[in-house]
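Per the numbering used here, numbering of the first sequence is gapless, rising by one per residue and ending at 672. The beta-carbon is built from N, C-alpha and C at its ideal position, and this holds for glycine as well. In what follows, a single structure is set out as structure tokens and then discussed.
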Amino acid sequence: MAERKTLDERQQMSEAMRIRHSCAHVLATAILKLWPEAQLAYGPAVEDGYYYDLDLKHRITPDDFPKIEAEMKKITKENLVFEKVTVTREQALRDAETGRLGALTERPEPSRFKLENVRSIPEGEAITYFKSGDFLDLCAGPHVMRTGNVGAFKLTSVASAYYKGDEKNPQLQRIYGVAFKNRTQLDEWLKMQEEAKRRDHRKLGAEMGLYALDAEYVGPGLPLWLPNGTAIIEELETLAKQTEFQAGYVRVKTPHIAREKMYVTSGHLPYYAESMFPPMELRAEGELQARINKVKASFAGKDEAVAKHFAPFLDLLKECKSPEDFPTVLDKVIGGISAEERQLFDNAARTRFIGEMFLAGSEPDRYYLKAMNCPHHHRIFAAEPRSYRNMPLRLAEYGCCYRYEQSGELFGLMRVRALNMNDSHIYCSPEQFAQEFNAVNEMYLKYFKIFGIEKYVMRFSTHSKEGLGKKYVDQADLWVKTEEMVRRVLKESGINYEEVPNEAAFYGPKIDVQVYSVIGREFTLATNQVDFAVPGRFGLVYRDKDNSDKTPLCIHRAPLGTHERFVGFLIEHYAGNFPLWLAPEQVRVLPITQEQIAYCEEIVKELRGQYVRASLEFSNDKLQGRIKRAEEAKAHTMLIVGGRDQAANAVSVRVHGKGDLGSKPRAEVIADILAAIRERRA
RNA sequence: GCCGGGAUAGCUCAACGGUAGAGCACCUGAUUUGUAAUCAGGCGGUUGUCGGUUCAAAUCCGAUUCCCGGCUCCA
């Protein structure tokens, strides 16, 4: 996602950014030449290109790109000067009203987005245009000197975007493009795009047999972990369990569903309902019989004879499994009695019965698939009396949660509807908070080192006053207090962080860890949140030194995020070439001829005895072909065994991507493999 | 959820109103091989699904599902 530019970045906009932004103007000019009536909105430079949002009756498709690019080419050839013009507010308003702004000439219609933009510029701030040829645009700049400085460009895609990014606003057409100083840089970019496609976790995930999506039978966004992917997941879980064990966490296990009361109490239903799967409705066992008895009793008081007569029929209603069944079953009951009786029944019983069943209304018991583990953990906290002596209490679970993400948001493994979270909730006192929070941050850093994640930002999300009572729990003083607590820890620990207002969780401030995959995708990989609200809603307390009950603070943390997103990230991070400890296929043993099969089987047995994912491969293919296939499968270590190796009790080692490493003593090779796995060597 | 585009064999693609085809993968046989493709044969598709137009539909039209690029939202 495009990040908010800091003031610093804006002031010293790089040449690349100036080229991109200038190219947006070139694009706008070209569009106006083809469709003079186009209403331009915004055209900023972004991460590796630029876009321009516009409203236009004609639907621009990639088929229009060559035409637009040809116009753009003409404009860069003309080498027009980008001329900065400062105007008065009155002048700007006039130009917007005559359609001149964001256009090549005056037009019958006002330039409505530009008009709004002018109006939104604070009083007293300078208003500037940039003019290149006939094109006049409201713009703060900066630009390159001339259109010719945009050396190479390409339109990449067309999409729609909500005006001002608000879902309630109409959608505009957004045309994306890239721009560079010269052709060489554009070619480099194109090459990188190819590389990105190759490393895409969706492509590699399928090729390597890591996961499958089966929308037809399982459902969109519900990944099936194949054996190879599961191997990775289990390594990650082992890492988490070991790390957490050493850090004093205790493991718990909770069900995937909970009753409605859980989420009413937690506050998730009001704040989070849209992201949850709709509930399952159950009727309590015995409830139906109770209702039937009640109906019978109501008869007894009034029409005793009738009640007695119809009692056996009413019992048939027990067949009902849900309210929808009542009419059918009722018809069946009526079918079994005579016409006169039916009249009687209708008058005396049916209406009353239906009234009882439907109008009195029975609230079914609702169960929700959990979208988060915290409420379950809160109930574990509540399950036993707690004392300050055993705080902090760190409950950990790789919990599987379900979130009803909007269909358009699903994205491979990165955005799914079933997710396994590296979750934990730390219950502590305010005095313990800083130390606990710090320890969590340190755990993050420890993990990042193991995975070689070097580029990351901790994004500290805080609340907004306007959101109180809507997006956020309405406890202003606690927000301020907790945020200050977090800010202090972050500052003191010297971690690289940025603060973003109005992005907090509904129950407290949070820190999202933003990482960047090699192919340029940015993700929130992990999250660390403070919850000062929900423990109180559940009435969670611990007995303090002074013999009074206190409500604990809760830290939610998930340094490894979810298996889904983390593995998705790792696939792209390693381009599928996992380090030995993570590689789904760690060792593939290849006998050159049948003569070595027995010897190879021994090696495989020895490795598997040490829990190494090793297997033997002997097929009709030539060795070269088998090596090619092993390389393509990204088997980490290949042990190639011919007669010479066997005679010397050796193996020839070949490591994926590194080629032939030569023949080495078998014991040495196996010892090294075991050490590399144990140390989680990169 | 919204806008736009797409869906042909497990994968990559061809056929673009007239009998669905190739390579790889898979299976069988031969070959027993020293570091990224041995040879031969075979299996495999109601062209995402449903409906329409037509003598005839993978191909044209409509709906729907899913996927892709964005937007919005998020771990």
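With distances taken from CA atoms, which of the options is nearest residue i?
| i | options | result |
| --- | --- | --- |
| Gly89 | Pro98, Glu330 and Ala82 | Pro98 |
| Phe673 | Leu30, Phe125 and Thr174 | Residue 673 lies beyond the range of the chain shown here (-9 to 672); nothing can be said about it. |
| Gly442 | Tyr434, Met448 and Arg449 | Tyr434 |
| Arg393 | Tyr417, Ile247, Val579 and Leu200 | Ile247 |
| Glu106 | Gln163, Pro132 and Lys154 | Lys154 |
| Lys648 | Lys654, Glu621 and Met475 | Glu621 |
| Asp534 | Ile660, Pro499 and Pro375 | Pro375 |
| Ser256 | Ala361, Gly615, Ile58 and Lys540 | Ala361 |
| Glu5 | Ala28, Ala35 and Lys23 | Ala35 |
| Ile9 | Ala28, Asp38 and Ser101 | Asp38 |
| Cys390 | Pro260, Pro213, Lys47 and Val16 | Pro213 |
| Ala665 | Pro569, Val579, Arg616 and His646 | Pro569 |
| Ala237 | Glu669, Leu383 and Lys481 | Leu383 |
| Tyr358 | Val579, Ser265 and Gly398 | Ser265 |
| Lys74 | Lys47, Arg188 and Tyr119 | Tyr119 |
| Ala367 | Pro160, Ala672, Val476 and Leu530 | Note that residue 367 is His in the sequence shown here, rather than Ala. The shortest Cα separation from His367 among Pro160, Ala672, Val476 and Leu530 belongs to Leu530. |
If you run the structure through DSSP and keep just helix, strand and coil, what is residue i?
| i | result |
| --- | --- |
| Pro213 | strand |
| Val579 | strand |
| Ser12 | helix |
| Ala661 | helix |
| Met738 | Outside the displayed span of the chain (-9 to 672) sits residue 738, for which this structure offers no information. |
| Leu22 | helix |
| Arg603 | coil |
| Ile117 | strand |
| Lys654 | strand |
| Asp127 | strand |
| Tyr239 | coil |
| His246 | coil |
| Val447 | strand |
| Tyr32 | coil |
| Lys322 | helix |
| Glu234 | helix |
| Gly529 | coil |
| Phe371 | helix |
| Asp177 | helix |
| Ser674 | Residue 674 falls outside the range modelled here, since the chain spans only -9 to 672, and no answer is possible. |
| Val508 | coil |
| Ser538 | coil |
| Ala666 | helix |
Just list the residues that DSSP pairs residue i with in beta bridges.
| i | result |
| --- | --- |
| Met628 | Arg578 and Arg644 |
| Pro499 | Answer is none; Pro499 lacks a bridge partner. |
| Asn518 | Ile501 and Arg547 |
| Ala424 | Note: Ala424 sits in no beta bridge, so no partner. |
| Cys590 | None; Cys590 has no bridge partner. |
| Arg164 | Asp43 and Ala149 |
| Phe170 | Ala142 |
| His415 | Leu385 and His546 |
If you drop the 5 nearest sequence neighbours on each side, which residues of the same chain put their C-beta closer than 7 Å to that of residue i?
| i | result |
| --- | --- |
| Pro420 | Leu543 |
| Ala495 | Gln519 |
| Gly558 | His191, Gly402, Leu403 and Met404 |
Enumerate in chain order the residues of its own chain whose CB-to-CB distance from residue i is below 6 Å, with the five nearest sequence positions on each side excluded.
| i | result |
| --- | --- |
| Gly123 | Leu70 |
| Glu234 | Ala386 |
| Ile660 | none |
| Ala82 | Val108 and Ile117 |
| Ile50 | Val148 and Gln163 |
| Leu180 | none |
| Ala14 | Gly33, Tyr40 and Tyr42 |
| Gly599 | none |
| Phe72 | Phe120, Ser122 and His133 |
Apart from the five residues on each side of it in sequence, which residues of its chain come closer than 8 Å, Cβ to Cβ, to residue i?
| i | result |
| --- | --- |
| Met381 | Tyr417, Cys418, Ser419, Gln422, Tyr532 and Pro542 |
| Tyr388 | Glu227, Ala230, Asn410, Met411, Asn412, Asp413 and His553 |
| Ala517 | In the sequence as presented, Ala is not what sits at residue 517; that position holds Thr. So the list reads Lys500, Ile501, Asp502, Val503, His546, Arg547, Ala548 and Gly551, once near-sequence residues are dropped. |
| Leu400 | Pro210, Gly211, Val406 and Arg407 |
| Arg356 | Arg249, Glu250, Pro269, Met270, Glu271 and Leu272 |
* Asked: Counting pairs of beta carbons, one from the region 167 to 177 and one from the region 141 to 148, are three or more of them closer than 8 Å?
  -> yes
* Asked: Should the region 633 to 648 be regarded as contacting the region 580 to 591, the criterion being three or more beta carbon pairs within less than 8 Å?
  -> yes
* Asked: At a cut of 8 Å, does the region 513 to 533 reach the region 197 to 204 through at least three beta carbon pairs?
  -> no
* Asked: Is it true that the region 559 to 566 meets the region 609 to 618, where meeting means three or more beta-carbon pairs spaced less than 8 Å apart?
  -> no
* **Cβ contact (3+ pairs, closer than 8 Å) linking the region 438 to 454 and the region 500 to 510** => These segments touch.
* Spell out a yes or no on whether the region 48 to 60 and the region 127 to 134 are touching, meaning 3 or more CB-CB pairs, one atom from each, closer than 8 Å. => no
* Would you check if the region 455 to 475 and the region 565 to 584 touch, i.e. whether three or more CB-CB distances between them fall below 8 Å? => no
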